[in-house]
Amino acid sequence: MKADLHFHTTVSDGIASPEVMIKMVKKRGLTGFSVTDHDKTGNIHEYTRLARKYDLLYVSGMEITSERGHLLAYCLPEEAEVLQKFRPFQPIEYYVEKAEECNVVLSPAHPFDYFRHGMGTNIFYHRWSALETFNGSTVFPFSNRRAQKAARTLNLPEIAGSDAHTHYYVGLTYTEVEASCAEELLTKIKKGETSVGGKHLNVFQFSRRMFKSKILK
Numbered sequence: 023m024k025a026d027l028h029f030h031t032t033v034s035d036g037i038a039s040p041e042v043m044i045k046m047v048k049k050r051g052l053t054g055f056s057v058t059d060h061d062k063t064g065n066i067h068e069y070t071r072l073a074r075k076y077d078l079l080y081v082s083g084m085e086i087t088s089e090r091g092h093l094l095a096y097c098l099p100e101e102a103e104v105l106q107k108f109r110p111f112q113p114i115e116y117y118v119e120k121a122e123e124c125n126v127v128l129s130p131a132h133p134f135d136y137f138r139h140g141m142g143t144n145i146f147y148h149r150w151s152a153l154e155t156f157n158g159s160t161v162f163p164f165s166n167r168r169a170q171k172a173a174r175t176l177n178l179p180e181i182a183g184s185d186a187h188t189h190y191y192v193g194l195t196y197t198e199v200e201a202s203c204a205e206e207l208l209t210k211i212k213k214g215e216t217s218v219g220g221k222h223l224n225v226f227q228f229s230r231r232m233f234k235s236k237i238l239k
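Quick note, this note's numbering runs 22 ahead of the 1-based positions in the sequence shown.
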């Protein structure tokens with residue numbers, strides 16, 4: 023299965039509703055997703071309903087703002103309340119310890135994209151469940167290559183997501199894994215039984231498109 027494990031909606035700084043984004047995941051031919059809005063889990067019951075409606079596998083997620091950069095956290099939908107206890111702007115070790123305590127999958131987000139709160143070499147000094155090595159919205163593709171190299175150095179499982187903030191690009195970057203339920207997906211990530219794929223988005227082209235659309239309104 024292919025799952026976009028990183029995108030945003032109007033719950034935080036996205037410009038499309040959760041249903042529009044999730045519907046597009048299905049249209050792209052993917053079979054799983056995680057909504058990872060900034061420091062918010064969103065409406066878990068609504069996401070579960072939409073997953074059933076579009077016949078998709080759903081894991082609860084959130085992009086956390088730490089003192090040193092952005093992190094991705096994942097858990098089972100029925101355990102999503104644990105993510106709501108992760109306070110923003112805390113030291114990295116706070117999140118690492120809490121993730122281990124609550125059985126949460128924790129990964130640095132776009133670690134070498136310094137334009138978008140990547141934590142850079144700080145990743146080498148902490149324990150992680152996985153590493154996001156293919157972020158579809160990184161400003162420069164070489165930041166993904168650095169992340170891939172770091173994952174191999176640290177022997178970490180690799181995950182990927184579009185980091186889309188609009189339905190135009192959601193689902194174009196994905197994590198590939200053999201899983202039939204949310205629990206199996208998270209287990210396979212921890213075991214490193216994943217691969218990453220898809221496209222790197224042209225964020226400069228997207229920015230021009232969004233600018234023009236606002237000017238022409």
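Idealized CB from N, CA, C, for every residue including glycine.
Nearest candidate by alpha-carbon position, reference residue i, set the options
i	options	result
Pro130	Ser159, Phe164, Thr87	Thr87
Leu178	Glu215, Pro163, Cys203, Gln112	Glu215
Thr160	Val57, Ala25, Lys24, Phe29	Phe29
Leu98	Leu176, Cys124, Val118	Cys124
Val127	Phe156, Gly54, Arg90, Glu85	Glu85
Asn166	Asn144, Thr143, Phe134, Leu194	Phe134
Asn65	Thr53, Thr195, Ser39, Gly54	Ser39
Glu141	Ala201, Gly91, Pro110, Glu115	The sequence shown places Met at residue 141, rather than the Glu named in the question. Nearest C-alpha to Met141: Gly91.
Phe146	Ala25, Thr175, Arg138, Arg109	Thr175
Arg168	Phe137, Ser202, His132, Phe108	His132
Phe162	Ile114, Leu223, Ser202	Leu223
Beta-carbon spacing of residue i, residue j below 8 Å
i	j	result
Ile211	Ala172	no
Val57	Thr31	yes
Ser184	Gly219	no
Leu207	Leu79	yes
Lys221	Leu194	yes
Thr155	Ala182	yes
Own chain residues within Cβ distance below 8 Å of residue i, not counting five before or after
i	result
Ser217	Glu180, Thr197, Glu198, Val199
Tyr76	Ile44, Lys45, Val47, Lys48
Ala102	Thr63, Ile66, Ser82
Glu115	His148
Own chain, CB closer than 7 Å to residue i, minus 5 neighbours either side, in chain order
i	result
Gln106	Thr63
Val42	His189
Ala204	Leu79, Tyr80, Val81, Leu98, Pro99
Gln268	Residue 268 is absent from the structure shown; the chain starts at 23 and stops at 239.
Ser34	Asp59, His60, Lys62
Lys239	Confidence is the limiting factor: at Lys239 the pLDDT is only 39, short of 50, which leaves the residue's position unreliable, though a coordinate-based value still follows. Cβ neighbours of Lys239 beyond the five flanking positions: none.
Ile237	With a pLDDT of 45 at Ile237, under the threshold of 50, the predicted position of this residue should be treated as unreliable, and no value is reported.
Gly55	According to the sequence shown, residue 55 is Phe rather than Gly. Here the set comprises Ala25, Asp26, Ile44, Val47, Leu78, Tyr80.
Ile70	One point to set straight first is that residue 70 is Thr, not Ile, in the sequence displayed. These residues qualify, in order along the chain: Tyr80, Pro99.
One or two residues paired with residue i in a DSSP bridge
i	result
Ile181	Glu154
Gly83	Tyr96
Ala186	Phe29
Pro130	Leu93
Lys24	Glu198
Gln55	According to the sequence as given, residue 55 is Phe; it is not Gln. The partner list for Phe55 (beta bridge, DSSP) reads Asp26, Tyr80.
Cys64	Looking at the sequence itself, residue 64 is Gly, so the reference to Cys does not match. Partner(s): none; Gly64 has no beta bridge.
Val218	Thr197
Ser88	Gly91
Cβ neighbours of residue i in the same chain (closer than 6 Å, five flanking residues each side left out)
i	result
Ala121	Leu128
Ala186	Phe29, Val192
Val118	His148, Arg149
His139	Gly91, His92
Glu68	none
Interface flag, residue i vs chain C, CB-CB below 8 Å
i	result
Thr63	Although the question refers to chain C, the structure presented lacks it and comprises just one protein chain.
Q) Touching or not, the segment 140-154 and the segment 45-53, by the rule of three or more beta carbon pairs under 8 Å? A) Result no; under three Cβ-Cβ pairs closer than 8 Å.
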